[in-house]
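Notes follow the structure.
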Amino acid sequence: MSGDGPVRHRLDGADFFDVQHAVFFNSLPVLREGLLLPEATPRDYTMRYIDVPQLTSRLPAQRYHPRGKGVVGFSSGDYSADIEFDGDGFVTDYQDYVRRLHPAS
Numbered sequence: 003m004s005g006d007g008p009v010r011h012r013l014d015g016a017d018f019f020d021v022q023h024a025v026f027f028n029s030l031p032v033l034r035e036g037l038l039l040p041e042a043t044p045r046d047y048t049m050r051y052i053d054v055p056q057l058t059s060r061l062p063a064q065r066y067h068p069r070g071k072g073v074v075g076f077s078s079g080d081y082s083a084d085i086e087f088d089g090d091g092f093v094t095d096y097q098d099y100v101r102r103l104h105p106a107s
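Under the numbering used here, the letters of the sequence shown match residues 3 to 107, in that order.
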């Protein structure tokens, strides 16, 4: 980051933003589309993905596959993982990556 002013990215046809290493952004499609509901179905999205620390962006395809009991499967390219969410739709465990350390209040 150079501090030369703001870096701006447009959605340009993307459904959501996704920022590398910020699991909060996985909650956006889960909350908007109700992917934790029993009747939820798999959804495909195009994301405006921001690489950190470069702040470059790209438009990868991502798939969210509801598995029930607060778990949503995630895949993009060759990568896939199960993500666990709390009742409010926030990530509590991202398979082999991140786990929330404090309990929900």
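Ideal placement from N, C-alpha and C gives every residue a C-beta, glycine not left out.
DSSP state of residue i mapped onto helix, strand, coil
i	result
Met3	Confidence in Met3 is poor, its pLDDT being 44 and thus under 50, which makes the residue's placement too unreliable to answer from.
Arg102	coil
C-beta neighbour in chain B for residue i, strict 8 angstroms
i	result
Ser29	Chain labels in this structure do not include chain B; a single protein chain is all it has.
Bridge partners - residue i, DSSP secondary structure assignment
i	result
Ala83	Phe76
Residue range of the alpha helix (DSSP H) that includes residue i
i	result
Arg34	Ser29 to Glu35
Limits of the unbroken beta strand (DSSP E) element including residue i
i	result
Gly89	Per DSSP, Gly89 belongs to no beta strand (DSSP E) and is neither H nor E.
Gly70	Ala63 to Gly70
6 angstroms CB neighbourhood of residue i in its chain, flanking five on each side removed
i	result
Gly70	none
Nearest residue (CA-CA) to residue i, options the options
i	options	result
Pro62	Phe26, Ala24, Arg50 and Tyr99	Arg50
His67	Pro55, Val54 and Pro44	Pro44
Asp98	His104, Ser59, Gly36 and Tyr81	Tyr81
Contacts around residue i, its chain only, beta-carbon distance under 7 angstroms, and the 5 residues preceding and following it disregarded
i	result
Val74	Val32, Leu37, Tyr66, His67, Pro68, Ile85 and Phe87
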